[in-house]
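Participant:
Residue numbers (our numbering), protein chains in the order written: chain F, 239 to 860; chain A, 85 to 183.
#1: Just mark residue 125(A) as buried or exposed, buried being the case when its beta carbon has 16 or more other beta carbons within 10 Å.
#2: Closer than 7 angstroms, Cβ to any Cβ of chain A: which residues of the stretch 651-676 of chain F, in chain order?
#3: With a threshold of 7 angstroms on Cβ separation, who are the neighbours of residue 681(F) within its own chain once the five nearest residues in sequence on each side are excluded?
#4: Taking only the alpha-carbon atoms, compute the straight-line gap between residue 402(F) and residue 387(F) and give it to the nearest angstrom.
#5: For residue 290(F), go through chain A and note every residue whose CB falls closer than 8 angstroms to its CB, in chain order.
#6: Can you list, in chain order, the residues of its chain whose CB lies under 8 angstroms from that of residue 152(A), leaving out five sequence neighbours each side?
#7: Which residue from 427(F), 257(F), 289(F) puts its Cα closest to that of residue 301(F)?
#8: Determine the direct distance from the alpha carbon of residue 284(F) to that of residue 369(F), and round the result to whole angstroms.
#9: Can you check whether the C-beta of residue 154(A) is within less than 8 angstroms of a C-beta belonging to chain F?
#10: Give the DSSP-derived three-state secondary structure of residue 802(F) in the structure shown.
#11: Could you name the residues of the same chain whose beta carbon sits closer than 6 angstroms to that of residue 365(F), not counting the 5 residues immediately before and after it, in chain order?
#12: At which residue ranges does the stretch 318-377 of chain F contain complete alpha helix (DSSP H) runs of 4 or more residues, listed in the order of the chain?
#13: Taking 7 angstroms as the cut-off, is the C-beta of residue 87(A) nearer than that to any heavy atom in the ligand MG?
#14: Taking a contact to mean a Cβ-Cβ separation below 8 angstroms, would you say residue 524(F) touches residue 709(F) in this structure?
#15: Give a yes or no on whether 8 angstroms exceeds the smallest Cβ distance from residue 337(F) to chain A.
#16: Using only the alpha-carbon positions, how far apart do residue 310(F) and residue 303(F) sit?
#17: Which same chain residues end up closer than 7 angstroms to residue 517(F) when comparing Cβ atoms and leaving out the 5 residues on each side of it in sequence?
#18: State the DSSP-derived secondary structure class of residue 612(F), mapped to helix, strand or coil.
#19: Using alpha carbons as the reference points, say which of 835(F), 520(F), 361(F), 737(F) lies closest to residue 663(F).
#20: Would you say residue 140(A) reaches chain F, if we count a Cβ-Cβ gap shorter than 8 angstroms as a contact?
#21: Does residue 86(A) have its Cβ less than 8 angstroms from a Cβ in chain F?
#22: Nearest chain F C-beta to residue 146(A) closer than 8 angstroms, yes or no?
#23: Would you mind telling me which residues of chain A sit closer than 8 angstroms to residue 552(F), beta carbon to beta carbon, in chain order?
#24: Do the CB positions of residue 328(F) and residue 445(F) come within less than 8 angstroms of each other?
#25: Check whether the Cβ of residue 136(A) lies closer than 8 angstroms to any Cβ atom in chain F.
#26: Do residue 815(F) and residue 856(F) come within 8 angstroms of each other at the CB atom, strictly closer than that value?
#27: Report yes or no: do three or more beta-carbon pairs, one from the stretch 791-811 of chain F and one from the stretch 616-623 of chain F, lie closer than 8 angstroms?
#28: Could you check the C-alpha separation between residue 217(F) and residue 764(F) for me, to the nearest Å?
#29: DSSP three-state label for residue 92(A), please.
#30: Which same chain residues end up closer than 8 angstroms to residue 389(F) when comparing Cβ atoms and leaving out the 5 residues on each side of it in sequence?
#31: Can you list the residues of chain A that residue 332(F) reaches, using a CB-CB cut of under 9 angstroms?
#32: Hey, does residue 835(F) have any beta-carbon neighbour from chain A nearer than 8 angstroms?
#33: Would residue 459(F) be called buried (16 or more neighbouring beta carbons within 10 Å of its own) or exposed?
#34: Using a threshold of 8 angstroms, state whether the C-beta atoms of residue 634(F) and residue 541(F) are closer than that.
#35: Could you tell me which residues DSSP pairs with residue 387(F) in its beta bridges?
Laid out in structure tokens, this is it:
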């Protein structure tokens, strides 16, 4: 028997992706359609008769028009016009049973394509609870397609669905063929006429209309309350941040510890050589710098996925939309941006919930401006060394005030950049906010785990490869050529990184940066916190991380003028010194041009800010 | 005088009488607005009820239409024409439907 290609089509929030998870389990993969940012979820399973079934989960759409990228991709796939996706043999149309009046329009539109169609009426449990009763036989007869009732978050209906999909394809096609002539004209009907047809059909097949989802209404009285609602949102975010920082601490320490343990083992077993250095300082350090992010990413995503699955995400977008709209963004950009305060990587990955491509791009571009946790070691070091620990205005600590100022500069510049981008690069027709607020649902552990694993895999595979190869290059730059025997300066002085640092120094001199800083910036490209260790290397300090940071405070106090230190802080507000973020942005935008633009504009801002701070500070201090 | 969905506040009920996307000053934005509103479930003759309003400037608004809740900005609600319902009567209907 030949393989079967099935495409899942349906509106957003109809439970299409849960149904897909239920059918394929973990035998699925997420990628992007070539050249665009639309996510392509595909998977497969084997039927009891041994047939391979390939499933593709098409983006959620309300119609087959050409307005959004999602609609275009779906249209191309179902009409067989997509250059990479084969035309599916069967369309599995998923519709929300609780809202059939609206969803039948899309079903009619899809049926007009003439492909064999199976209609899955999803969320049958919710419909039953709300008292909605549907005449399935009549619906199937009138549409001329098989109709099955399903509950995507449970096995219920899944066996029936699989059996239906396993039937002979010809059988399905033959059965639906006679209706073909009559329906073709539906393709040319307007939205309004299709809607009218759908409504008439709905009136005939709905036995009982049901009542509103009562729990959803009651919950929304609190969650969407103009005063209480924002409190709930910020409370939730507070818990999320607490979790990211406190829960992730232990696993991050284990990962760090295991890497150090492995490095020690290697030192014990292998002779001192370039090979040992490559393994320890190149590969292991590189691998470590990738997986150390994993605990934070998993915790953040657990929160984000739960918010998504329960229906809360749409409410958060609703509450924040007006504020985000002020800089031309959608309410949905709020959660990704807030997540970026912990780490820009999950923040950028979370922008997938923003449907509009331009809004999503703007959000990705500004996400690195949110002060992430990796900047803290750098900020803490410089503040401890240069900002006096005294209180100003009414008991506020000056050090804390400077830290706050750094966070604030990030946020304010992000808003400015977003507003400027909206007027230039991502300019276009304003997009409506128009969004269904789905009924609340309890998330399912299985779905949550599948999605979580997928995010982890994407990060490790896609970002990991880029990060690992670049850390090895950076290791090579910092280790070769070797220092001569009678070297007086630290080893790095004689390496390529040292030479590069000397050249870069001409460029960085106007910022007040000395040679030591420019050299430290090169290995510091890997991740922001690496700058602390790199400065330690340049100033020939040894010992563990804490000791280096402690002695650095004294060394820096002695060798950097205050304007240099302040310029260094300003540099780190903007500089995209994090390979993982760059790699993830490349993956999520699917474009080197956007990635290049982001890196370039951030470096430009970093340079300008550091230059301005250095010049002003020198003028003031004299 | 014509009334629009954007003029309602929390608790108000009305019946949709039509669409008028041309009221929007941004022509490109208005072009698809009517279709989008139809697709998400707004339609002539359906009842709407304003359930919630955003915390800033009472925008966006959450509206019950048919069996679902839709969030939309007031600028979008400006394209939906309505007849205002008699509050008493419609509340009576609601109660009857819930029985």
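Ideal placement from N, C-alpha and C gives every residue a C-beta, glycine not left out.
Facilitator: Reading it off the structure:
#1: Taking the second chain and counting its residues from 1, the one referred to as residue 125(A) is at position 41. Buried, by the Cβ-count rule.
#2: Going along the stretch 651-676 of chain F in chain order, one finds 667, 668, 670, 671, 672, 673, 674, 675 with a Cβ nearer than 7 angstroms to chain A.
#3: As a position in the first chain, residue 681(F) is number 443, starting the count at 1. Excluding residues within five positions, the ones whose Cβ falls inside 7 angstroms are 544, 547, 548.
#4: As a working mapping, residue 402(F) is identified with position 164 in the first chain. As a working mapping, residue 387(F) is identified with position 149 in the first chain. Each residue's Cα considered, the two are about 12 angstroms apart.
#5: Position 52 of the first chain, counted from the first residue, corresponds to residue 290(F). Ordered by position in chain A, no residue passes the 8 angstroms Cβ test against residue 290(F), which lies about 35 angstroms from the chain.
#6: On the second chain, position 68 is the one that residue 152(A) refers to. Excluding sequence neighbours, residue 152(A) sits near 125.
#7: In the first chain, residue 301(F) corresponds to position 63, counting from 1. Among 427(F), 257(F), 289(F), the Cα nearest to that of residue 301(F) belongs to 427(F).
#8: Position 131 of the first chain, counted from the start, is the residue given in the question as residue 369(F). Position 46 of the first chain, counted from the start, is the residue given in the question as residue 284(F). Those two C-alpha atoms are separated by around 36 angstroms.
#9: Taking the first residue of the second chain as position 1, residue 154(A) is located at position 70. Residue 154(A) counts as touching chain F.
#10: As a working note, residue 802(F) is residue 564 in the first chain. Three-state DSSP puts residue 802(F) in a helix.
#11: The sequence position of residue 365(F) within the first chain is 127, counting from 1. For residue 365(F), where only same-chain residues beyond five positions count, the Cβ hits under 6 angstroms are 335, 336.
#12: 338-349, 362-367, all fully within the stretch 318-377 of chain F.
#13: No copy of the ligand MG appears in this structure; indeed no ligand is present at all.
#14: As a position in the first chain, residue 524(F) is number 286, starting the count at 1. As a position in the first chain, residue 709(F) is number 471, starting the count at 1. Contact annotation: residue 524(F) and residue 709(F) have beta-carbon atoms nearer than 8 angstroms.
#15: Counted from its first residue, the first chain places residue 337(F) at position 99. Yes, because at least one Cβ of chain A sits closer than 8 angstroms to the Cβ of residue 337(F).
#16: The count along the first chain starts at 1 and reaches residue 310(F) at position 72. The count along the first chain starts at 1 and reaches residue 303(F) at position 65. One C-alpha to the other measures close to 7 angstroms.
#17: The sequence position of residue 517(F) within the first chain is 279, counting from 1. Correct list, in chain order: 504.
#18: One-based indexing of the first chain puts residue 612(F) at position 374. Residue 612(F): helix per DSSP, three-state reduction.
#19: Residue 663(F) sits at position 425 when you count from the first residue of the first chain. Checked all of 835(F), 520(F), 361(F), 737(F); the closest Cα to residue 663(F) is 835(F).
#20: By one-based count along the second chain, residue 140(A) stands at place 56. Yes, residue 140(A) lies at the interface with chain F (some Cβ there is under 8 angstroms from its Cβ).
#21: The sequence position of residue 86(A) within the second chain is 2, counting from 1. No, because no Cβ of chain F sits closer than 8 angstroms to the Cβ of residue 86(A).
#22: Numbered from its first residue, the second chain carries residue 146(A) at position 62. It does: the Cβ of residue 146(A) has a partner Cβ on chain F nearer than 8 angstroms.
#23: As a first step, residue 552(F) must be located in the first chain, where it is residue number 314. Contact note: residue 552(F) reaches chain A through 155, using a C-beta cutoff of 8 angstroms and chain order.
#24: Looking up residue 328(F) in the first chain gives position 90. Looking up residue 445(F) in the first chain gives position 207. Cβ atoms of residue 328(F) and residue 445(F): not closer than 8 angstroms.
#25: Residue mapping note: residue 136(A) aligns to position 52 of the second chain, counting from 1. Taking Cβ atoms only, chain F reaches closer than 8 angstroms to residue 136(A), which makes this a yes.
#26: On the first chain, residue 856(F) is found 618 positions in, with the first residue counted as 1. On the first chain, residue 815(F) is found 577 positions in, with the first residue counted as 1. Against a cut-off of 8 angstroms, the Cβ pair of residue 815(F) and residue 856(F) comes out as no contact.
#27: Verdict: yes, contact present.
#28: Residue coverage of chain F in this structure runs from 239 to 860, which leaves residue 217(F) outside it and unanswerable.
#29: As a position in the second chain, residue 92(A) is number 8, starting the count at 1. Here residue 92(A) sits in coil by DSSP.
#30: One-based indexing of the first chain puts residue 389(F) at position 151. Answer for residue 389(F): 360, 361, 362, 363, 395, listed in chain order.
#31: One-based indexing of the first chain puts residue 332(F) at position 94. In chain order: nothing, as chain A lies at least about 16 angstroms away.
#32: Residue numbering aside, residue 835(F) sits at position 597 when the first chain is read from its first letter. False, the Cβ-Cβ gap to chain A never drops below 8 angstroms.
#33: For the purposes of this step, residue 459(F) is taken as the residue at position 221 of the first chain. Residue environment analysis places residue 459(F) among the exposed positions, since fewer than 16 neighbouring C-beta atoms fall within 10 angstroms of its C-beta.
#34: Position 396 of the first chain, counted from the first residue, corresponds to residue 634(F). Position 303 of the first chain, counted from the first residue, corresponds to residue 541(F). Not a contact, by the Cβ cut-off of 8 angstroms.
#35: As a working note, residue 387(F) is residue 149 in the first chain. The partner list for residue 387(F) (beta bridge, DSSP) reads 359(F).
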